[in-house]
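Student: Questions regarding the structure given below will be posed in turn.
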Amino acid sequence: MQPKQRILNAPVYQPGKPIDDVKREYGLTEVIKLASNENPYGSSPKAKEAIAAQLDNLSLYPDGASLSLRWDLAEFLGVKPGQLIFGNGSDENLLMISRAYLSEGTNTVMAKPTFSQYRSNAIIEGAELIEVPLKEGVHDLEAMAAAINEQTRVVWVCNPNNPSGTIVTKTELEAFLKQVPKNVLVVLDEAYYEYVVDPEYPQTVPMLADYPNLIILRTFSKIYGLATLRVGYGIASEEIVSQLEHVREPFNTGTLGQVAARAALHDQDFVKTCRERNREGMKQFTDAFEAWGLEYYPSQTNFILVNLNRDSDEVFKKLLSQGIIIRSGNALGHPGWQRITIGTPEQNEKLLAALKDIVTGA
């Protein structure tokens, strides 16, 4: 078999190590997974009830247009139903954007390091990569704007950024958007939108009126706790959504995902509680890191990137042997660092106790 040569240059995504694999490999009965930025508090009870009510309908195809979810979400966001496109998680929305706008002879601008799928999809489509290094863990929007040229079709802004957890502010983003040509699509990936508490974080949906070259991506996988069901969505002009619909696969979101997302959307008390608990957990980590003199980036997500000044893979393996899964910075473009998901208070304490032994040499 002879595949397209360029797909072999695209890295294969490496997800966080599964809990069952770690149990088998190390003979453990209890494993804490703090690697994949999942919600440790699960999902809304209302979402579970909505799923249970659909179990007799598994033989039926889902609504390919996600109409009920579309109407509810449009009302919640204050946009038209035609301004929404749904994907099998945000990952599929990224893929659709790349398929629709990138090709050989074009280029795409992104930060480095940032979410890996921007890069992978661009390679698959044959587009040139223009990667602009982060500045103190934050998108260097000034340099990214300067990197745009006549061949640029898409610019990616992950806000908050993964893996650093940092944000660009409303003032910074608006200054950037004023410099971007109107024929260049700006993708604002806001997967962690609901976790943000910083008042300087931009509210981007109202910006669509002034910048029709924007698409905002969000997901039900993170704070809503529906990662298994894979429902992501994009918010953009009706023109952009219409273009993307040409590359969307039929029935790309399932019935269980659609009904669970609708129910979760209507349980904002659950979202608020998870956001508050997440900030409490974040403080557990930052208090410890400051006491130990460790460098970390100020995060507005449900994870934190910390510099342990040690080989990332060695730390990862040592914690793995103790039944704690985190994410090695070597895989994220931050050697010496670790990305750690915020867990429950008990999970955080166990992780910190294990880290203290590593950091202090106790």
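Numbering (our numbering), first residue to last: 3 to 364. Ideal Cβ placement from N, Cα and C applies to all residues, glycine included. Predicted, not measured: the structure shown is a model, and the values here were computed from it.
#1: Specify the secondary structure class of Phe178 as computed by DSSP and reduced to three states.
#2: Going by DSSP in three states, Ser330 sits in which element: helix, strand or coil?
#3: For Leu228, which residues of its own chain have a beta-carbon under 8 angstroms away from its beta-carbon, when the five flanking residues on both sides are left out?
#4: State yes or no: is the C-beta of Val140 within less than 8 angstroms of the C-beta of Thr168?
#5: Which class does Ile9 belong to by DSSP, given the choice of helix, strand or coil?
#6: Would you call the stretch 143-163 and the stretch 173-189 touching, i.e. three or more CB-CB distances under 8 angstroms?
#7: Which one of Pro83, Lys19, Leu97, Val207 has the shortest CA to CA distance from Arg250?
#8: Which residue marks the beginning of the beta strand (DSSP E) containing Ala113, and which one marks its end?
#9: With distances taken between CB atoms, is the gap from Ser233 to Val189 smaller than 8 angstroms?
#10: Indicate the three-state DSSP secondary structure (helix, strand or coil) for Gly283 in the structure shown.
#11: Could you tell me which whole alpha helix (DSSP H) segments of length 4 or greater appear in the stretch 246-330?
#12: Taking all protein chains shown into account, do 16 or more other C-beta atoms lie within 10 angstroms of the C-beta of Glu127, making it buried, or fewer, making it exposed?
#13: Going by beta carbon distance, what residues of the same chain come within less than 7 angstroms of Asp269, once the five residues before and after it are set aside?
#14: If we ignore side chains and look at the alpha-carbon of each, how far apart do Asp58 and Pro300 end up?
#15: Is the beta carbon of Leu36 closer than 8 angstroms to that of Gln349?
#16: Checking 8 angstroms against the spacing of the C-beta atoms, do Ile360 and Phe305 come in under that value?
#17: Which residues mark the beginning and the end of the alpha helix (DSSP H) in which Thr362 is found?
#18: Could you check if Val199 is buried or exposed, using at least 16 other CB atoms within 10 Å of its CB as the buried criterion?
#19: For Gly84, which residues from the same chain have a beta carbon less than 8 angstroms from its beta carbon, with the 5 sequence-adjacent residues on both sides left out?
#20: Mapping DSSP to helix, strand and coil, what is Gly234?
#21: Suppose you measure from the CA of Gln56 to the CA of Leu136; what does that come to, to the nearest Å?
#22: Buried or exposed for Leu216, please, with buried defined as at least 16 other CB atoms from any protein chain shown within 10 angstroms of its CB.
#23: Taking the beta strand (DSSP E) that Glu27 belongs to, which residues open and close that run?
#24: Per DSSP, what are the beta-bridge partners of Glu32 in this structure?
#25: Taking only runs that begin and end inside the stretch 102-164, name each unbroken alpha helix (DSSP H) of 4 or more residues, in chain order.
#26: Check this for me: beta carbons of Gly338 and Ser314, under 8 angstroms apart or not?
#27: How should Thr206 be labelled, buried or exposed, when 16 other C-beta atoms within 10 angstroms of its C-beta is the threshold for buried?
#28: I'd like to know whether the C-beta atoms of Phe88 and Thr230 end up nearer to each other than 8 angstroms.
#29: With distances taken Cα to Cα, identify the nearest neighbour of Ile225 among Val186, Asn280, Leu79.
#30: Taking just the CA atoms, how far does Thr257 sit from Ala52?
#31: What whole-angstrom Cβ distance do Leu75 and Tyr235 have, given they're in contact under 8 angstroms?
#32: Can you tell me the Cα-Cα spacing of Ile326 and Asp93, whole angstroms?
#33: Relative to the alpha-carbon of Pro41, which residue among Thr275, Lys320, Ser61 has its alpha-carbon at the smallest distance?
#34: Per DSSP, what are the beta-bridge partners of Gly89 in this structure?
#35: Tell me which residues share the same chain as Ala12 and place their Cβ nearer than 6 angstroms to its Cβ, disregarding the 5 neighbours each side in the sequence.
Tutor: Based on what the coordinates show:
#1: Here the question's residue 178 lines up with position 176 in the sequence shown. Three-state DSSP puts Phe178 in a helix.
#2: Within the sequence shown, residue 330 is the residue found at index 328, counting from 1. In this structure, Ser330 counts as strand in the three-state DSSP scheme.
#3: Here residue 228 corresponds to residue number 226 of the sequence shown, with the count starting at 1. Cβ within range, chain order: Ser45, Ala49, Phe222, Gly259, Ala262, Ala263, Ala266.
#4: As a position in the sequence shown, residue 140 is number 138, starting the count at 1. As a position in the sequence shown, residue 168 is number 166, starting the count at 1. Their beta carbons are under 8 angstroms apart, which means Val140 touches Thr168 by this criterion.
#5: Locating residue 9 in the sequence shown gives position 7, where the first residue counts as 1. Ile9: helix per DSSP, three-state reduction.
#6: yes
#7: Here residue 250 refers to the residue found at position 248 of the sequence shown. Nearest to Arg250 by C-alpha distance, out of Pro83, Lys19, Leu97, Val207, is Leu97.
#8: Counting from 1 along the sequence shown, the entry for residue 113 is found at position 111. Ala113 -> beta strand (DSSP E) spans 109-114.
#9: Residue numbering aside, residue 233 sits at position 231 when the sequence shown is read from its first letter. Residue numbering aside, residue 189 sits at position 187 when the sequence shown is read from its first letter. The sequence shown places Val at residue 233, not Ser. For Val233 and Val189, no; Cβs fall outside 8 angstroms.
#10: The residue you call residue 283 lines up with position 281 of the sequence shown. Three-state DSSP puts Gly283 in a helix.
#11: 257-267, 270-294, 314-323
#12: Locating residue 127 in the sequence shown gives position 125, where the first residue counts as 1. It counts as buried.
#13: Walking along the sequence shown from the start, residue 269 turns up at place 267. Closer than 7 angstroms at the Cβ level, and outside the excluded window around Asp269, lie Ser46, Lys48.
#14: For the purposes of this step, residue 58 is identified with residue 56 of the sequence shown, where counting begins at 1. For the purposes of this step, residue 300 is identified with residue 298 of the sequence shown, where counting begins at 1. Each residue's alpha carbon lies about 46 angstroms from the other.
#15: As a working mapping, residue 349 is identified with position 347 in the sequence shown. As a working mapping, residue 36 is identified with position 34 in the sequence shown. In contact: Gln349 and Leu36 (Cβ atoms closer than 8 angstroms).
#16: For this step, residue 360 is matched to residue 358 along the sequence shown. For this step, residue 305 is matched to residue 303 along the sequence shown. Contact flag unset, no.
#17: Taking the first residue of the sequence shown as 1, we reach residue 362 at position 360. Element bounds for Thr362: 347-362.
#18: Along the sequence shown, one-based indexing puts residue 199 at 197. Val199 comes out exposed.
#19: Here the question's residue 84 lines up with position 82 in the sequence shown. Closer than 8 angstroms at Cβ, skipping near neighbours: Glu240, Val243, Ser244.
#20: For this step, residue 234 is matched to residue 232 along the sequence shown. Of the three classes helix, strand and coil, the one that applies to Gly234 here is strand, per DSSP.
#21: Within the sequence shown, numbered from 1, the residue matching residue 56 stands at position 54. Within the sequence shown, numbered from 1, the residue matching residue 136 stands at position 134. Computed Cα separation, rounded: 45 angstroms.
#22: Residue mapping note: residue 216 aligns to position 214 of the sequence shown, counting from 1. When all chains shown are included, Leu216 counts as buried.
#23: As a first step, residue 27 must be located in the sequence shown, where it is residue number 25. No beta strand (DSSP E) contains Glu27, which is instead part of the alpha helix (DSSP H) from 21-28.
#24: As a first step, residue 32 is located in the sequence shown; it is residue number 30 there, counting from the start. Beta-bridge pairing links Glu32 to no other residue.
#25: 118-127, 143-149
#26: Translated into the one-based positions of the sequence shown, residue 338 becomes position 336. Translated into the one-based positions of the sequence shown, residue 314 becomes position 312. In this structure, Ser314 lies closer than 8 angstroms to Gly338 by Cβ.
#27: Taking the first residue of the sequence shown as position 1, residue 206 is located at position 204. Per the 10 Å Cβ criterion, buried.
#28: Working through the sequence shown from its first residue, we reach residue 88 at position 86. Working through the sequence shown from its first residue, we reach residue 230 at position 228. Cβ atoms of Phe88 and Thr230: not closer than 8 angstroms.
#29: Against the sequence shown, residue 225 aligns to sequence position 223. It is Asn280.
#30: Along the sequence shown, read from residue 1 onward, the residue named residue 52 stands at position 50. Along the sequence shown, read from residue 1 onward, the residue named residue 257 stands at position 255. Using only the alpha carbons, I get a separation of about 10 angstroms.
#31: One-based indexing of the sequence shown puts residue 75 at position 73. One-based indexing of the sequence shown puts residue 235 at position 233. Contact flag correct, Cβ pair sits at about 7 angstroms.
#32: Here the question's residue 326 lines up with position 324 in the sequence shown. Here the question's residue 93 lines up with position 91 in the sequence shown. If I take the Cα positions, the gap works out to 26 angstroms.
#33: If you number the sequence shown from 1, residue 41 lands on position 39. As written in the sequence, residue 41 is Asn, which differs from the Pro given in the question. Nearest option by C-alpha distance: Thr275.
#34: Here residue 89 is taken as the residue at index 87 of the sequence shown, counted from 1. Per DSSP, the beta bridge partners of Gly89 are Gly234.
#35: As a first step, residue 12 is located in the sequence shown; it is residue number 10 there, counting from the start. Excluding residues up to 5 positions away in sequence, Ser122, Ile125, Ile126 lie with their Cβ nearer than 6 angstroms to the Cβ of Ala12 in the same chain.
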